[in-house]
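Student:
Chains as they are written, first to last, in the working numbering: chain L, 23 to 133; chain H, 1113 to 1225.
1) Can you list, in chain order, the residues of its chain whose CB lies under 8 Å from that of residue 132 of chain L, leaving out five sequence neighbours each side?
2) Can you tell me where the beta strand (DSSP E) holding residue 1126 of chain H begins and where it ends?
3) Tell me which residue opens and which closes the beta strand (DSSP E) that residue 98 of chain L is part of.
4) Nearest by alpha-carbon distance to residue 1188 of chain H: which of H/1196, H/1140, H/1197, H/1199 is it?
5) Would you mind giving the Cβ-Cβ distance between residue 107 of chain L and residue 129 of chain L, rounded to the nearest angstrom? I have them listed as a contact below 8 Å.
6) Using a beta-carbon distance below 7 Å, is residue 126 of chain L in contact with chain H?
7) Taking 7 Å as the cut-off, decide whether the C-beta atoms of residue 1147 of chain H and residue 1204 of chain H are in contact.
8) Can you name, in chain order, every residue of its own chain whose Cβ lies under 6 Å from the Cβ of residue 87 of chain L, other than the five neighbours on each side?
9) For the segment 60-67 of chain L and the segment 1203-1217 of chain H, state whether three or more C-beta atom pairs, one from each stretch, are separated by less than 8 Å.
10) So residue 1240 of chain H and residue 1191 of chain H are in contact, right, with Cβ under 8 Å, and what is the actual spacing, rounded?
11) Closest Cβ-Cβ distance between residue 1173 of chain H and chain L: below 7 Å?
12) Is residue 1212 of chain H helix, strand or coil by DSSP?
13) Going by the CB atoms, is the gap between residue 93 of chain L and residue 47 of chain L shorter than 7 Å?
14) Quick check: is the beta carbon of residue 1145 of chain H nearer than 7 Å to any beta carbon in chain L?
15) Compare the C-beta of residue 53 of chain L with all C-beta atoms of chain H and state if any pair is closer than 7 Å.
16) Taking the C-alpha atoms as reference points, what is the distance between residue 51 of chain L and residue 96 of chain L?
17) Cβ of residue 1185 of chain H less than 7 Å from any chain L Cβ?
18) DSSP state of residue 105 of chain L, grouped into three classes?
Below is the structure:
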């Protein structure tokens, strides 16, 4: 079945550092790819998404590009802030199928 | 965009009892799902709630333990039956609208003593 593998956490960075969280997927067909974020004590929020190969999703300074050739959707941000501390989930979904989530990566940004 | 109201937002329950969680969407959606997020873990799909018919359960989840209803296009319930401390978790309702967008409720934090 479909699956998502993302890098193990926790990840600890200093403010203004560059962030990469790796995500690879296995799926039949051409799924949509997502990054969700869960801030401490809050619910799940959609951060960005891409629906086809070579699409780039972006939001709040975060970016991820749908790479079909490497089946990847790595999350990047050029300069993280303390307020970016959260758990990040990579996910995929085919048409009319539910989201399949990765295990999540906890990011801690220190001042 | 759809807004999902989920209640209760949290509850503390005794072992052996049951809790029903309600999920109401403010517009018609095609599909509704129930997830569980155990402490420090990712989200695991429990089942897809089908309108007017039995839910489709994922491996490891059964109807007797997690009965689900979906009487119409905008409402679903999940019951956690005969609870044990291992059922302590966050339960999340999710829905997909006709534009293929996915939405999540704010979750129900369940603690079983």
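Backbone N, C-alpha and C define an ideal beta-carbon position, used for all residues, glycine too.
Tutor: Taking the structure as given:
1) Once the five neighbours on either side are set aside, the close Cβ partners of residue 132 of chain L are 34, 35, 36, 37, 104.
2) Residue 1126 of chain H -> no beta strand (DSSP E), and no H or E assigned at all.
3) 97-99 is the extent of the beta strand (DSSP E) around residue 98 of chain L.
4) When only C-alpha atoms are compared, the closest one is H/1140.
5) Right, their Cβ atoms sit about 6 Å apart.
6) Among the residues facing chain H, residue 126 of chain L is included, as its CB has a counterpart in that chain under 7 Å away.
7) Yes, the pair counts as a contact, with Cβ atoms nearer than the cut-off.
8) The answer, listed in chain order, is 78.
9) Enough Cβ pairs lie closer than 8 Å, so yes.
10) Residue 1240 of chain H lies beyond the residue range present for chain H, which begins at 1113 and ends at 1225; the question has no answer from this structure.
11) For residue 1173 of chain H, the nearest beta carbon of chain L is not closer than 7 Å to its own beta carbon.
12) Assignment of residue 1212 of chain H by DSSP, reduced to helix, strand and coil, places it in the coil class.
13) In contact: residue 47 of chain L and residue 93 of chain L (Cβ atoms closer than 7 Å).
14) With respect to chain L, the C-beta atom of residue 1145 of chain H has a partner C-beta closer than 7 Å.
15) No, residue 53 of chain L lies away from the interface with chain H (no Cβ there is under 7 Å from its Cβ).
16) Spanning the two alpha carbons is a distance of roughly 19 Å.
17) Put simply, the CB of residue 1185 of chain H is far from chain L, with every gap to its CB atoms at 7 Å or more.
18) The answer is helix: DSSP assigns residue 105 of chain L an H, G or I state.
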